[in-house]
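Here is the structure we will look at, set down as structure tokens.
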Amino acid sequence: MIQTKNLVKELVDKHGCSRNNLLPILQGVVADENYLTEKAMVEVAKALDLSSAEVYGTASFYSYLFTKPVGKNVIRVCKTISCKMSGKQKIVQAIEKLLKIKMGETTRDKQFTLIESNCLGWCHKGPVMLVNDDVYSEITPEKAIDIIRDLDPKHLTDF
Amino acid sequence: MGYKGLKKVDIIFDCANCEPLEVLKKALAMTPDQIIEQIISSGLRGRGGAGFPTGLKWKLAKAEKSDVKYVICNADEGEPGTFKDREILDVVPSKVLVGMAICAYAIGAKEGFVYLRNEYNFLLKDLNPLIEKFNKNIQNLGLDFTIKMFSGSGAYICGEESALFESMEGKRGEPRNKPPYPTKIGYNGKPTVINNVETLVYCTMIIRIGVEPFKKLGTSDSRGSKVFSISGDTTKAGIYELELGIGVDEFVKEFGNGDTKAVQIGGASGFCVPRKDFKNKIIGFEGVPTGGSMMIFNSSRSMYNVLKDYLEFFAEESCGQCTPCRVGTQQLLKGIEAIKRGEKPSSYLNQLLKLTETMKVASKCGLGQSVQNSFSSIVNNFREEMIY
Amino acid sequence: MSIINLTIDNKKVSIEKGQTILDAAKKVNVRIPTLCHHEDLCVAGNCRVCVVEVEGSKTLSASCAVPAEDGMVVKTNTPKVRNARKDIVALLVSEHNTQCTTCYRSMNCELQALSAEYNIDNNRYLSVLKPNIEIDRSSWSIEKDDSKCVRCQRCVRTCAELQHVNALTVSGKGKDMKISTFMDLPLNEAICTNCGQCVIHCPTGALTERRYFDRVWEAIGNEKKHVVINTAPSVRVAIGEMLGYPVGSRVTGKMVTSLKRLGVDSVLDTDFSADLTIVEEGYELLQRLRKALVENDTSIKLPMITSCSPGWVKFIEHIFPEHLGHLSTCKSPQQMFGALSKTYYAEKKGIDPKDIVSISIMPCAAKKFEANRPEMNDSGYRDIDAGLTTRELGHMINQAGLNFAELEDSEFDSIMGESTGAGAIFGATGGVMEAALRTAYELVTGRDVPFDNLNILPVRGMEGIKEAAIKLENCLPDWSFLEGVELKVAVAHGLINARKIMDQVAAGKSPYHFIEVMACPGGCIGGGGQPIPTNDEIRKKRAEAIYEEDMNMPVRKSHKNPEIIKIYKEFLKEPLGEVSHRLLHTSYKKRNHY
Ligand SMILES: Cc1cc2nc3c(=O)[nH]c(=O)nc-3n(C[C@H](O)[C@H](O)[C@H](O)COP(=O)(O)O)c2cc1C
Ligand code: SF4
Ligand code: SF4
Ligand code: SF4
Ligand code: SF4
Ligand code: FES
Ligand code: FES
Chain A
1 MIQTKNLVKE
11 LVDKHGCSRN
21 NLLPILQGVV
31 ADENYLTEKA
41 MVEVAKALDL
51 SSAEVYGTAS
61 FYSYLFTKPV
71 GKNVIRVCKT
81 ISCKMSGKQK
91 IVQAIEKLLK
101 IKMGETTRDK
111 QFTLIESNCL
121 GWCHKGPVML
131 VNDDVYSEIT
141 PEKAIDIIRD
151 LDPKHLTDF
Chain B
1 MGYKGLKKVD
11 IIFDCANCEP
21 LEVLKKALAM
31 TPDQIIEQII
41 SSGLRGRGGA
51 GFPTGLKWKL
61 AKAEKSDVKY
71 VICNADEGEP
81 GTFKDREILD
91 VVPSKVLVGM
101 AICAYAIGAK
111 EGFVYLRNEY
121 NFLLKDLNPL
131 IEKFNKNIQN
141 LGLDFTIKMF
151 SGSGAYICGE
161 ESALFESMEG
171 KRGEPRNKPP
181 YPTKIGYNGK
191 PTVINNVETL
201 VYCTMIIRIG
211 VEPFKKLGTS
221 DSRGSKVFSI
231 SGDTTKAGIY
241 ELELGIGVDE
251 FVKEFGNGDT
261 KAVQIGGASG
271 FCVPRKDFKN
281 KIIGFEGVPT
291 GGSMMIFNSS
301 RSMYNVLKDY
311 LEFFAEESCG
321 QCTPCRVGTQ
331 QLLKGIEAIK
341 RGEKPSSYLN
351 QLLKLTETMK
361 VASKCGLGQS
371 VQNSFSSIVN
381 NFREEMIY
Chain C
1 MSIINLTIDN
11 KKVSIEKGQT
21 ILDAAKKVNV
31 RIPTLCHHED
41 LCVAGNCRVC
51 VVEVEGSKTL
61 SASCAVPAED
71 GMVVKTNTPK
81 VRNARKDIVA
91 LLVSEHNTQC
101 TTCYRSMNCE
111 LQALSAEYNI
121 DNNRYLSVLK
131 PNIEIDRSSW
141 SIEKDDSKCV
151 RCQRCVRTCA
161 ELQHVNALTV
171 SGKGKDMKIS
181 TFMDLPLNEA
191 ICTNCGQCVI
201 HCPTGALTER
211 RYFDRVWEAI
221 GNEKKHVVIN
231 TAPSVRVAIG
241 EMLGYPVGSR
251 VTGKMVTSLK
261 RLGVDSVLDT
271 DFSADLTIVE
281 EGYELLQRLR
291 KALVENDTSI
301 KLPMITSCSP
311 GWVKFIEHIF
321 PEHLGHLSTC
331 KSPQQMFGAL
341 SKTYYAEKKG
351 IDPKDIVSIS
361 IMPCAAKKFE
371 ANRPEMNDSG
381 YRDIDAGLTT
391 RELGHMINQA
401 GLNFAELEDS
411 EFDSIMGEST
421 GAGAIFGATG
431 GVMEAALRTA
441 YELVTGRDVP
451 FDNLNILPVR
461 GMEGIKEAAI
471 KLENCLPDWS
481 FLEGVELKVA
491 VAHGLINARK
501 IMDQVAAGKS
511 PYHFIEVMAC
521 PGGCIGGGGQ
531 PIPTNDEIRK
541 KRAEAIYEED
551 MNMPVRKSHK
561 NPEIIKIYKE
571 FLKEPLGEVS
581 HRLLHTSYKK
591 RNHY
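Residue numbers (the working numbering), protein chains in the order written: chain A, 1 to 159; chain B, 1 to 388; chain C, 1 to 594.
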């Protein structure tokens, strides 16, 4: 709780306290806490003199500003046509099997969330996935598994 | 229609000709009006999709009396099948920044932003230090202009200029009513020039190489060249700079793999050109316009699946504020699914086609207005595939 | 301002630059249908129902949003326009829970009217209504049914622009876009003030007041129960609108008769308790002034601010919880009435208070919440058993099959049915202030307020914040400490103006002694429980009717109300006395700000 408060304060000090700074601040909270907790949104509302509903309404417009819990690592697989044609479904299946979750879900240990995304801007090198800020193009099911393993080897052997 | 031969061009990524600061110096030696005049006479039109004459946009912004004006580089690139802005920002970012600085000098802006889609945040590692250095350099050249980065938060509609402003103002990315246009009331209510990444690089290069080398490319309506993002059923997927005004058939000959049934030009908001039309369509503002997305489909592909994919995209990415688009996109998607399942007669397609007409004339912004492009061009050309 | 000329449907029109095509069309009596547009609110341009053809433009233009231009040629009824409009309404219907037969807003719904006008075929499109939408009935005041929502955002704009509360927002995007509270919490957990302004600005049945008339019918039908009803001052100038009368009609006598015909045992007047509020509040103000000015008691908070608007009270509890000390401790007239109905009234009538059902008819949605505040049981029972809106009363009259226009006039019952013009003007912004000044000035100086006909014009009218000052001279000996004091007052209506007033108070820079705040624009005549539509023009007409009501009263000062004099003599003994404190005053609680 105190942590969230300090985090928001830091972000507000860094970016400023006008409404124009709302998105950078929310991005900062997500970078640190993975998603926007109620507490964090209320703190941001206070700092920017907005209502909490305004903060929530704005955040919920954007697919990178989660207002519901997600895991530490967010895996986004492109689902748009070029990637579909180059076999994104196999990638999804491999990840689902590896992490034992379905599309849209989060692993029990809160390490991974798997979601689909619209075109990621690498269509010539599909299938493509984005893990947090990092892009992986021309992936195969094997490559996808390696990438995820590398992120958290311990987690996956524990499973 | 006289076709131009398919010519690969090297302006955007040409590095022999890119000593960016030299170009800026050259621009600063000109008067703002001379710069604007030069851009106007080049015939350059926006490369972000809408194709508004760039020089005219600058001229309108310059004419506004305001202490505060902005230059914004639209790097929200979200149109399915487009990835050229990413490449440009990755390979020749300085040219983009110079383009912004030239614009700022021309219209009298002191602040600029690059609105970068969240998915391209990995570029920030290099862009941030570059911008920092660039800002110092231009101050040294005596130009009072500062560029900042603004990261998007994931919403295709924020590529629409007024939604982009809303988003930068910390709000939901809902497009505004127009008029007023951005050159009058843009970001923070101030006159703003917003240009696509690629447009800005052409501005830099027009100052660099002069109007003629640019103008001699393309057609009278579509001057110059353009960067294309090519994907789908092709062995040559990637980024190519081509002359505007080329025929679709030439394009297919070069990039298709022999079995091309259709090309989707301009992404989900663009048009589908079927094989029978390859010969009589050209790529350019007077023919099939495109922001750069070229998706190639072979005979084995189901155009129903392609259309469904686009409609899902629109139903999710519509901002949702206006009725024709919010409900229309859902109706189109549900409608083609119902026809496919046999729950609606094939004649229902006609009803849906009429609906896209309503969306085109009555939607608030370009998203809803352009859904008809892909819908009608796919449905009219591949009707059987929609039904069976 | 420059004037521009254009043509609309071949009619020439001149209009000020900056006005919209819709404004211009109105000028030449061309009606363009609208949905997201509302006179009280800023332009949204999102429903697209108002599209028209502008010569030279490929797309249609939303007439509510596009400024008229010189030389424009506009056509509002071409095939292209009609087709688009019809399609748009059909789309709205396709995402709608089209159950008009069971809808509270049926016959008073803008979507229903449009759908009828364009003869919409419900089968043109598939239904895209979201499944499993649950109606939010968590609040005492407001009911939210997203299945009836057309996403015009009028409610969001209302809560932001008129009230500056921002309890409502738009969430999600595309097909998932909806109207929501913070985290989609139930309304009773949101910072909602229950003012009901979103309800009267909603074009459909998506936002409505919680209805309690079935409880009232039940009580009326129960032989053992004695039902007393009090009707607020602004109801009598608005209820006519529900029953076929033009806006601004005063139908007090018929309203009383109709209530009697419904089977209510005693029809009484909230104006009576409004008069009582004035006396208590007037004394409270004078007492605060004495403590502050004479005794230098620094714990006394000035300015004192009125507390009769429960939407306002909840607002200050949420937004300015540190400044609750400024609120008068007087209960609202409704709650004073409730507490007395089960004590004084019961005693006088010899009725066991447990058998009394006390109902109020209010212009207000927040009164429902107020009646259910846990502490509002000072009589030993729930002081008010149900608070109904003007609209609910209209429905009850219709349900009873009464022909309202044919009813004779009758008088309020007694006791607690007698009132004054001062009580009546409570219903309009500035009315409480005017009534209070009429009483306080006379108490202090022994003379009438120095305004023509007692009409204190500076505090009347629709300006957001109004100010007045009265110099107190030749004071009576008891009040000599006020000699020469210039009493400064302010009046705010609409919570956005209340916030401005409070920002000043919070900064310690408020120059006033006494402030009246009403949550709703225009005061109660524009309340969240009033007939729909309500807009500026309508509010003005209702206010005029209220002031006529005042002018027609034999007594126009609260403290001169014979029943008020009597209740002090027989029951309360003295203003701010022990009984008053127990029954007529209350306290407030801090609530979360966000
Ligand atoms: C739905 C929608 C999405 C858009 N996305 C982009 C985009 O990602 N990048 C872009 O440059 N322009 C985009 N545009 C066009 C912009 O609104 C605007 O016209 C453009 O940035 C102007 O720059 P230009 O004149 O250089 O093309 C989009 C328009 C619409 C309607
Ligand atoms: S057309 Fe679509 S994206 Fe554009 S404003 Fe309307 S709902 Fe939003
Ligand atoms: S909101 Fe209107 S259209 Fe909808 S069910 Fe109610 S009356 Fe009918
Ligand atoms: S009742 Fe008033 S405060 Fe509550 S949501 Fe509606 S307008 Fe806002
Ligand atoms: S709740 Fe009513 S006012 Fe609000 S968006 Fe829905 S229909 Fe419009
Ligand atoms: S379609 Fe997958 S990255 Fe563009
Ligand atoms: S009334 Fe004009 S767009 Fe809704």
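A virtual CB, placed ideally from N, CA and C, is assigned to each residue, including glycine.
Beta carbon of residue i nearer than 8 Å to that of residue j
| i | j | result |
| --- | --- | --- |
| C/L472 | C/E483 | yes |
| C/V52 | C/V74 | yes |
| B/F313 | B/A268 | yes |
| A/V8 | A/A47 | yes |
| B/E55 | B/I72 | According to the sequence provided, residue 55 of chain B is Gly. The question's Glu does not apply to it. No, the Cβ-Cβ distance between B/G55 and B/I72 is not below 8 Å. |
| C/M551 | C/G421 | yes |
| B/I378 | B/L307 | yes |
| B/D249 | B/S299 | no |
| A/L36 | A/T67 | yes |
| C/L91 | C/V49 | no |
Residue i in three-state terms, based on DSSP
| i | result |
| --- | --- |
| C/M304 | strand |
| C/R210 | coil |
| C/N5 | strand |
| A/I2 | helix |
| B/G112 | strand |
| C/I133 | coil |
| C/K343 | According to the sequence as given, residue 343 of chain C is Thr; it is not Lys. It is coil, neither helix nor strand. |
| C/P233 | coil |
| C/I456 | coil |
| B/F13 | coil |
| C/L60 | coil |
| B/G232 | strand |
| C/T20 | strand |
Supposed contact pair residue j and residue i - C-beta distance, whole angstroms, cut 8 Å
| i | j | result |
| --- | --- | --- |
| A/G57 | C/S180 | 7 Å |
| B/V371 | C/T59 | Actually they do not touch by this definition, with Cβ atoms about 13 Å apart. |
| B/S293 | B/P20 | Incorrect: roughly 27 Å between the Cβ atoms, too far for contact. |
Contact with chain A by residue i, beta-carbon distance below 8 Å
| i | result |
| --- | --- |
| B/F375 | no |
| C/K173 | yes |
| B/G232 | yes |
| B/T31 | no |
| C/V150 | no |
| C/F182 | yes |
8 Å Cβ cutoff, residue i in contact with chain C
| i | result |
| --- | --- |
| B/Q321 | yes |
| B/G258 | no |
| A/S117 | no |
Cutoff 8 Å: residue i Cβ touching any chain B Cβ
| i | result |
| --- | --- |
| C/D87 | yes |
| A/D158 | Confidence at A/D158 is low in this model, with a pLDDT of 49, below 50, so its placement is unreliable and no value can be given for it. |
message = Report the start-end ranges of each beta strand (DSSP E) in the segment 35 to 111 of chain A that is 3 residues or longer and not cut off at the edges.
response = Runs found: 73 to 78.
key: Within the segment 235 to 320 of chain B, ranges of the beta strand (DSSP E) (whole runs, at least 3 residues)   = Within the segment 235 to 320 of chain B, the complete beta strand (DSSP E) runs of at least 3 residues are 238 to 243, 260 to 265, 271 to 274, 293 to 298.
query = What runs of the beta strand (DSSP E), each 3 residues or longer, lie entirely inside the segment 351 to 393 of chain C?
reply = Taking 3 residues as the minimum length, the beta strand (DSSP E) runs contained wholly in the segment 351 to 393 of chain C are 356 to 362, 386 to 389, in order along the chain.
task = Jot down the residue ranges of each uninterrupted alpha helix (DSSP H) in the segment 151 to 228 of chain B, minimum 4 residues, whole runs only, in chain order.
result = Runs found: 161 to 168, 197 to 209, 211 to 215.
request  = List in chain order: all unbroken beta strand (DSSP E) runs of 3+ residues lying wholly within the segment 223 to 285 of chain C.
outcome  = Scanning the segment 223 to 285 of chain C from its first residue to its last, the whole beta strand (DSSP E) runs of 3-plus residues come out as 226 to 231, 266 to 269.
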